[in-house]
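Since the structure comes first, as C-alpha cells, the remarks are kept for the end.
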Amino acid sequence: MKMSKSPWLLHYDGSSCNGCDIEVLAATTPVYDVERFGVVNTGNPKHADIFLITGGVNDQNKEVVKQLYDQMPDPKVVVAIGICACDGGIFKECYNILGGADKVIPVDIYVPGCAARPEAIIDGVVKAVALLDQKREQMKAAESAEGGAEHD
Amino acid sequence: MEVWITVLKVVLFIVLAPFVGGLLSGLDRKITARFQGRQGPPLLQPFYDLAKLFNKQSLIVNKFQVFLIGGYVMFTVFTGCLFFAGGDLLLAFFALTLGETFFLMAAFSANSPFSAMGVQREMVQTMCTEPMILIATIGFYRATGSFMVSDIVKVGTSPIVYLPGMFIGFLFILTIKLRKSPFDLSTSHHAHQEMVKGTTTDLTGNIFALIELSEWYEQVLLLAYIALFIINRNPWSILAAVVVCLLCYFLEILVDNVFPRVKWDKMFRSAWIVTLIFGGVNLLAILFLNVIH
Amino acid sequence: MGIIAFLIFFPFLAAVVLSLMKKQSKARDGVVIASCVLIIAAAVTLAVTFLSSGRTQEYLVEAPLWNNLILAGEIFLMLLVFYYGFRYRKYYVVLLSAAGTIPIVWEELAGYGVEGKNHITVDYLTVIMCLIVGVVGSLICLYAIGYMKDYHRHHTEYRNRTPFFLSILFVFLGAMFGLVLSANLSWMFFFWEITSICSFLLIGYSQTDIAIRNSFRALWMNLLGGFGFAMAILYCTFVLKIANIQDLVNIGSQNGGATFVVVPVAFLAFAALTKSAQMPFSGWLLGAMVAPTPTSALLHSATMVKAGVYLLIRLSPAMQGTVPGLMVVLVGGFTFFAASVLAISQSDGKKVLAYSTISNLGLIAACAGVGTYESAWAAILLMIFHAVAKSLMFLSTGAVENCTGSRDIEDMHGLIVRLPKLAFVMIIGIFGMYLAPFGMLIAKWAALKSFVDSGNILLMLFLAFGSGTTMFYWTKWLGKLIAVPHSSRPHPDTIHRDERVTLATLASLVVILCILFPVISANLVRPVLVAMFHTTSLSVITRGDVPIMLLMMCMIVILPVAARLLTLGKKNKPVLAYMAGVNKGDDCTFVDSFGESKQMYLANWYFTDLFGEEKILKPCLAIAAAVIVVLMVVVIGGVL
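Here the protein sequences line up with chains G, V and C, keeping their order. Residue numbers for the first sequence follow our numbering, so the first one is 19 and each next one is one higher. Residue numbers for the second sequence follow our numbering, so the first one is 123 and each next one is one higher. Residue numbers for the third sequence follow our numbering, so the first one is 1476 and each next one is one higher.
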C-alpha cells in the first residue's frame, strides 16, 4: 500500500501575515473535503508526513521550525506555502527575518502566492504526496542496502 | 474436540478482529463525513493509515516506551482471546485493566506536557468506566449464574431482559471507552487544541500503528460485550446481537457528532451518576427479584 | 511447645538486651540481625512442624501461674498508661484504661474466671499469622538498623533513642506472637493491650508536639477498643461461662444470630475495628505517619492492624448473617471506598500508603464480616499479600526518603532514572497491590465473587467504585516512577546493606507468593476454612483460571523479548518529547515567550476540591460512626 494514500499534515505558521494560514485552514475545511484523499490535519509533528509551513522564518522561531522538522519521522516532505515561506516575501528585508523556510530546513515543494489559494495549496499537497512515495522507496532501498551490509 | 473449537475461535479473533475493527473505523469516518455533508475518505482508509504508519520510521523518547506499548498490545489481544474462548468475564476485565495500565505507563514515561495531561485525563476516564463494567459483569452473573462467557451465551433468555439498566449504563461508558465526543478527553480522532494528541502524542510510526491496531481489538471486544447482552441459546440471537451492536455503534457515531467535548469533572460526575442510577437500580432489582441460577 | 514459648518470650528477651545496649555498635546490629534470623527460623520451624502433623494443637489447660502473671502484666500496663496520662495531662486515657482493665482484674481476682480450657492453640490460621509476623516483622526490624542511622543523620533535632526504639519493635513482635497463639480471651486481651501501648510509644518516638498528640490519639482509640474487648470478656465469663475464643465462635456459628452470642461478638468486632483503623477510627493510623518508617511499616503491614483483622477472621463464622456481621461489613466496605477516594487527594507517599492500608483493611474486614467460605478465603489471602506488598511499599518509600530527602510522590518524578533499583522495587510493590495477576487482585476477585453471592448490594457498589478509585491513586504513583526526563542523572544510592536485603527479600516474596499462590491456597488457607466452616473444600477461583493467570505472569516476564519482536527489528531513533517545538535542549526546560528558558513541571492530579480531606473526611467519619453506634445500640438493645 502506498504512503500517498494517507498523508497527514502538520501546519506551522512562521512569521506570516496570517493570510496563508487562513487559506491553509480553508483548504482543510469540509468545503474542500481533503479527507477524501486521506488527509488529516494532525497538529503533531510525530504523526505527520507533510509539513506545511507558512510565513518566513525569524530569529525566534528558527529553532522551533528546526525542532518540528526533526521530530517528524521519515519519510517526510516539507511544503512552503505562500511567497513568504518560499523566500521571505514582503518581509524579506526586515531586520528579524532570515528568509524563507529553506534557510533552516530542506523544503521540497514551493507553493507561491500572496496569499496562496486553497486550490494551489491542495495542488502542492498532491505533489508532496507523490514525493512521499518516492522518498519511501529511497528509504527502503537505503535500509535494505544497510541491512545487506550488516549481514556481510 | 472442544479444545480445538476454542483454539479456532481464538485464532479467528486474532485474525479477524483487526479487519472488523478497521472496517468499523472506516465506517465511522464515512458516516461522520456524511453528517458534515462531505464525501469522506474511502471505507478502507484506516487500513491505508495503518499500512503507512508501519512503513514509517519510529522515533522514541525513551527505551521503556516500546516495552510498555508491547505490554498494552499483548494484554489487549489476550483479553479478547480470553473473552472469545469463553473465559471468565472478571479475569478478562482484569487483564484489560493490566493492558490499560501499560498504556498509561507508556504515556507517563514520555514526560511531555501533552502526554502528561492526556494521561491524567485517561486515568479519570478509566475511573469513570471501571465501576460500570464491574457492575455489569456482576449483573451478568446474577442474571445467568455464571461469570464464564461460554455459560452466559447458553442461557434461555437474553440477559438484557434482566439487565436493561445495565445495558444503558454500559452504552454510556462505551462512549468514554471508545473516546468519542463528548468524552474524548485524553486523546481523540478529532483535532485537539490544548493537548495535541494527548496520550499518544509521543508515539510514532509502527509504535503508534500498534496502538491503533489494539484499539481495533478493543473496539471489537467492547462490542462483543454488548452482544453478550443479547445472545442466548437460540443461534438466531447472534444475528440479532450483530444488528444491535451495529445500531449501538451508529448511536456512538451520532453522539460523537452531536455533542461537544465536555470537561473532565462533568464526565466524571455524569458517568458515576449514570452508573449508580442505571447500574445500581438494575442490580437492586435483580437482587430483589432474585433471578439467579 | 518449646518453639511457642520461644516465639513469645524470645522477642521480649531481645528487647531487654537491646534496651541495655545504649551505644551504637557492631554488636548491637549483630544482636538485631541474630534475633531476626532466629525469629524467622522459629516461625518457619513452627510452620513446618505443624504442617507435617496438620493437627490443631492445644496447650496449657491448667495454667494458674501464667494467669497470675498475665494479671500482673495487665495491672502493670494500666499503671504505665496512668503514668503517661498524668505526665502529659491526658486524663481521658487514664479513665479508658481503668475502665477496660479494672473490671477484668476484679473478675479474675474474685474468682469468676472460667478455667478448664486450653490457653494456647496452634492451628492453620495461627501458623499463617506467625509466618506473617515472623517473616515480615523481622525483615522490618532488620531494615530498622540502617534506617535509624540515616534517620538521625537527617533529623539531628530529635534525641537519639534508637535502643528504646529497637527494643519496642521486638516487644511488639513478642506481643503479636502472644496474641495470635492465645486462645484464652483474657490472654489475648493482655497482648492486645501491649500492642496498643507499643504503638503509642513508637508513634511518640520523636517527642515533638505533633508526635505526642498523635500518639495519644492512637492510645485512646486503641484503649476504647480494649474497653470493648474487656466488655466482651465480661459477658463471656458471666453469661456464657466461656473463656476461650474458639468456644465463642462455635456457639456463635451454631446459634447464628441468637441474641445472647451476638453481644460479645459485637464487642470483639468493635475492638477489632478500632485496631484495624476502620473509619471512624482511621485517624490514629494516619497520625502514626509522624513516626520513623519502620514503625509505620510494622503498624501498617505486618502486625498491629493485622491483629484487628485476625480477630475478625477468627470470628468470621460467628458473624455470618448477624448484626455484628452487618456492622463489620458496612463499616469495612464503606471504609474501603472512602479511604481509597481520600488517597487520591494525597501527595505524601506515606499518607497515600496509610489511606491505602485503611482501605485494604476495610476490604479484609468486609470479607470477614460476610462470613462465608469464599469471603474468608479472600480475607486470609488479602491479609497475606497485603502484609508483604505493603511493607515493601513502606520500606521502599522510607529508603527513597533517606536517599532524596523527600517522600512526596511528586518528588519521585523520574525515579526510574535517578534510583533505578528502588524504583523497580516500588513498581513491583505497586503491581502487587492492585494489578492482575498479582496476589492482591486474585484475592479481591474472590472477595467480589463472595460479595455477589452474599447479595449485599452496598458491598458490591463499594467494591465497584472503590476499585476505580484504587486504580487511580496507584496508577498515578506508578506514572511518576516511570517518567523518563532526559536531563536527570542517577542519584547517589545511599541505602544500607540491611535495608537492601530487606527490600530485595520482600520484592521477591511478592513475586514468589504470586507464583506459589495455588500452593498456599491449598495447603495453608483451605485447611483454615475447612476447620472454620466444617465444609469440604470448594475451589474459589475456578480451576481453569489459575493456569491463565500463570500465563499472564509469563507474559509479563517475556514482555521485553516480545517488545523486541513487535518492533520488527526496526531501528528506533531517539528524539525529545514533543513540547510544541520549544524544548531547550532537553524535555524539562522550554523557551518562554520572552526567549528565556523555563523549567517545566509535570504534576499529578489530586482533585483536592472534590476529594480533599477537609471536604469529605468529616462526613465519612460521621457516616461510619453512625453505622457503628446504631448497630451497637441494636445489639445491646436486643439483649436488654
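In this text, a Cβ means the ideal position worked out from N, Cα and C, and glycines have one as well.
Inset, instruction - Examine chain G for any beta-carbon lying closer than 8 Å to the beta-carbon of F157(V), and answer yes or no. - result: Residue mapping note: residue 157(V) aligns to position 35 of the second sequence, counting from 1. No, its Cβ sits nowhere closer than 8 Å to a Cβ of chain G.
Legend entry - Per-residue DSSP class, three states only, for H1888(C): Within the third sequence, the letter at position 413 stands for residue 1888(C). Three-state result, H1888(C): coil.
Legend entry - V1816(C) - containing alpha helix (DSSP H), residue span: Start at 1 with the first residue of the third sequence, and residue 1816(C) comes out as number 341. Secondary structure note for V1816(C): its alpha helix (DSSP H) is the uninterrupted segment V1798 to I1819.
Legend entry - Beta carbon proximity, G1880(C) to chain V, threshold 8 Å: As a working note, residue 1880(C) is residue 405 in the third sequence. Chain V, which has no Cβ nearer than 8 Å to the Cβ of G1880(C), makes this no.
Inset, instruction - Might you give, ordered along the chain, the residues of its own chain that have their beta carbon closer than 7 Å to the beta carbon of L343(V), omitting 5 neighbours on each side? - result: Indexing the second sequence from 1 puts residue 343(V) at position 221. If we look at L343(V) and ignore the five residues flanking it on each side, its Cβ neighbours are T201, G202 and F205.
Inset, instruction - Using a Cβ-Cβ cut-off of less than 8 Å, give me the residues of the region 191–202 of chain V that come near chain C, in sequence order. - result: Of all residues in the region 191–202 of chain V, the ones placed with a Cβ closer than 8 Å to any Cβ belonging to chain C are I191, G192, G193, V195, M196, F197 and F200, in chain order.
Inset, instruction - Output, in chain order, the set of chain A residues within a Cβ distance shorter than 8 Å of Q89(G). - result: Within the model displayed, chain A is absent; protein chains G, V and C are what it includes.
Legend entry - Nearest neighbour of L1676(C), chosen from R1972(C), V1556(C), L1493(C) and V1985(C) [CA to CA]: Stepping through the third sequence from its first residue, residue 1676(C) is reached at position 201. For L1676(C), the nearest C-alpha among the options comes from V1556(C).
Inset, instruction - Kindly indicate which three-state DSSP category Q1532(C) falls into: helix, strand or coil? - result: On the third sequence, residue 1532(C) is found 57 positions in, with the first residue counted as 1. In the three-state reduction of the DSSP assignment, Q1532(C) falls in the strand class.
Legend entry - Cβ neighbours of F1647(C) in the same chain (closer than 7 Å, five flanking residues each side left out): Position 172 of the third sequence, counted from the first residue, corresponds to residue 1647(C). Closer than 7 Å at the Cβ level, and outside the excluded window around F1647(C), lie T1670, C1673, L1773 and T1778.
Inset, instruction - Verify the CB distance criterion: does F230(V) have a CB-CB separation below 8 Å to chain C? - result: Stepping through the second sequence from its first residue, residue 230(V) is reached at position 108. Any Cβ of chain C closer than 8 Å to the Cβ of F230(V) would place that residue at the interface, and such an atom is present.
Inset, instruction - Measure the Cβ-Cβ separation of T248(V) and L212(V) and say whether it is below 8 Å. - result: The residue given as residue 248(V) occupies position 126 in the second sequence. The residue given as residue 212(V) occupies position 90 in the second sequence. Against a cut-off of 8 Å, the Cβ pair of L212(V) and T248(V) comes out as no contact.
Legend entry - Segments of 4+ residues assigned as alpha helix (DSSP H) that fall wholly inside the region 109–146 of chain G: The alpha helix (DSSP H) runs of length 4 or more contained entirely in the region 109–146 of chain G do not exist; there are none.
Inset, instruction - State yes or no: is the beta carbon of P93(G) nearer than 8 Å to at least one beta carbon in chain C? - result: Translated into positions along the first sequence, residue 93(G) becomes position 75. False, the Cβ-Cβ gap to chain C never drops below 8 Å.
Legend entry - Under 7 Å by beta carbon: chain V residues contacting N62(G): By one-based count along the first sequence, residue 62(G) stands at place 44. Chain V residues near N62(G): V318, K319 and T323.
Legend entry - Residue interval of the alpha helix (DSSP H) (run including A98(G)): Sequence index remark: in the first sequence, residue 98(G) carries index 80 (1-based). It is not in any alpha helix (DSSP H) - A98(G) instead sits in the beta strand (DSSP E) that spans V95 to I99.
Legend entry - Inter-stretch contact at 8 Å, needing at least 3 Cβ pairs: the region 54–64 of chain G / the region 117–137 of chain G: Cβ pair count under 8 Å is below three, so no.
Inset, instruction - Grab me the residues of A1705(C)'s own chain with a C-beta within less than 8 Å of its C-beta, minus the 5 sequence neighbours each way, in chain order. - result: Residue numbering aside, residue 1705(C) sits at position 230 when the third sequence is read from its first letter. Around A1705(C): A1574, G1575, T1576, P1578, I1579 and F1664.
Inset, instruction - Can you give me the start and stop residues for the alpha helix (DSSP H) that Q247(V) sits inside? - result: Indexing the second sequence from 1 puts residue 247(V) at position 125. Where Q247(V) is concerned, the enclosing alpha helix (DSSP H) stretches over P235 to T266.
Inset, instruction - Report the residue from L165(V), V142(V), G144(V) and G143(V) whose alpha carbon sits nearest the alpha carbon of I153(V). - result: Here residue 153(V) corresponds to residue number 31 of the second sequence, with the count starting at 1. Checking every option, the nearest Cα to that of I153(V) belongs to L165(V).
Inset, instruction - Assign W386(V) to one of three DSSP states: helix, strand, or coil. - result: On the second sequence, residue 386(V) is found 264 positions in, with the first residue counted as 1. It is helical.
Inset, instruction - Assign N2116(C) to one of two classes, buried (16 or more other C-beta atoms within 10 Å of its C-beta) or exposed (fewer than that). - result: Residue 2116(C) lies beyond the stretch modelled for chain C, which goes from 1476 to 2115, so this question has no answer here.
Inset, instruction - Measure from the alpha carbon of L1916(C) to the alpha carbon of each residue in V183(V), G267(V) and F216(V), then state which is nearest. - result: For the purposes of this step, residue 1916(C) is taken as residue 441 along the third sequence, with counting starting at 1. Of the listed residues, the one whose Cα sits closest to L1916(C) is F216(V).
Inset, instruction - Enumerate in chain order the residues of its own chain whose CB-to-CB distance from E352(V) is below 7 Å, with the five nearest sequence positions on each side excluded. - result: For the purposes of this step, residue 352(V) is identified with residue 230 of the second sequence, where counting begins at 1. The sequence given here has Ile at residue 352(V), not Glu. Non-local beta-carbon contacts of I352(V) in its own chain, meaning distances under 7 Å to residues more than five positions away in sequence, involve S280, I282, S359, A362, A363 and V366 in chain order.
Legend entry - Which of helix, strand or coil DSSP assigns to C35(G): Stepping through the first sequence from its first residue, residue 35(G) is reached at position 17. DSSP places C35(G) in the coil class of the three-state scheme, outside both helix and strand.
Legend entry - Span separating the alpha-carbon of V1597(C) from that of F2008(C): Working through the third sequence from its first residue, we reach residue 1597(C) at position 122. Working through the third sequence from its first residue, we reach residue 2008(C) at position 533. Rounded to the nearest angstrom, the gap between the Cα atoms of V1597(C) and F2008(C) is 17 Å.
Inset, instruction - State the Cα-Cα distance for the pair F1742(C) and I127(V), rounded to the nearest angstrom. - result: By one-based count along the third sequence, residue 1742(C) stands at place 267. By one-based count along the second sequence, residue 127(V) stands at place 5. Their Cα atoms are separated by approximately 56 Å.
Inset, instruction - Output the boundary residues of the beta strand (DSSP E) element that contains P2049(C). - result: As a first step, residue 2049(C) is located in the third sequence; it is residue number 574 there, counting from the start. In the DSSP assignment, P2049(C) falls within the beta strand (DSSP E) that extends over N2047 to P2049.
Inset, instruction - Flag G1800(C) as yes if its beta-carbon sits less than 8 Å from any beta-carbon of chain V, otherwise no. - result: By one-based count along the third sequence, residue 1800(C) stands at place 325. No, G1800(C) does not count as interfacial toward chain V.
Legend entry - Opening and closing residue of the beta strand (DSSP E) in which K2073(C) lies: The sequence position of residue 2073(C) within the third sequence is 598, counting from 1. Boundaries of the beta strand (DSSP E) harbouring K2073(C): S2072 to Q2074, taken from the DSSP string.
Inset, instruction - Could you work out which residues of chain V lie near F1947(C), taking near to mean beta carbons separated by less than 7 Å? - result: As a first step, residue 1947(C) must be located in the third sequence, where it is residue number 472. Correct list: M245 and M249.
Legend entry - Complete alpha helix (DSSP H) runs within the region 1632–1694 of chain C (minimum length 4 residues, chain order): Whole alpha helix (DSSP H) segments, 4+ residues: 1637–1656 and 1660–1678.
Inset, instruction - Assign V1602(C) to one of three DSSP states: helix, strand, or coil. - result: Indexing the third sequence from 1 puts residue 1602(C) at position 127. Note: V1602(C) maps to helix in three-state DSSP.
Legend entry - Distance between beta carbons of P93(G) and Y2053(C), contact taken as under 8 Å: Within the third sequence, residue 2053(C) is the residue found at index 578, counting from 1. Within the first sequence, residue 93(G) is the residue found at index 75, counting from 1. That pair is no contact at about 19 Å.
Legend entry - chain C contact residues for L70(G), given Cβ-Cβ distances below 8 Å: Here the question's residue 70(G) lines up with position 52 in the first sequence. Neighbours of L70(G) on chain C: none; closest Cβ ~14 Å, over 8 Å.
Inset, instruction - Could you check if E1974(C) is buried or exposed, using at least 16 other CB atoms within 10 Å of its CB as the buried criterion? - result: As a working mapping, residue 1974(C) is identified with position 499 in the third sequence. So E1974(C) counts as buried.
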